[in-house]
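Scroll down for the structure; my scribbles are underneath it.
Numbering (the numbering used here), first residue to last: 2 to 60.
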């Protein structure tokens, strides 16, 4: 009897927490993607600015 109550409570808890956890996971993955894109953008800007500075110095 106790195991049936434990199983029921576990199922209820899992059903309640699952959407909340999925929201956190989705938010985390989205932030990681945005950070990756921003890092690549900064890296490309630095590379382009270095190339422009080198070209200006040679003229």
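From the three backbone atoms N, C-alpha and C, an ideal C-beta is built for every residue, glycine too. Small disclaimer: the values here were computed from a predicted structure and weren't measured.
(message) If you reduce the DSSP assignment to three classes, tell me which class residue 2 lands in.
(response) coil
(request) Give the straight-line distance between the Cα atoms of residue 3 and residue 20, rounded to the nearest whole angstrom. (result) 27 Å
(message) Quick check: what's the CA-CA separation for residue 13 versus residue 51?
(response) 58 Å
(request) Return yes when the C-beta of residue 45 is under 7 Å from any heavy atom of the ligand SAM, and no when it is not. (result) Although the ligand SAM was asked about, the structure shown includes no ligands whatsoever.
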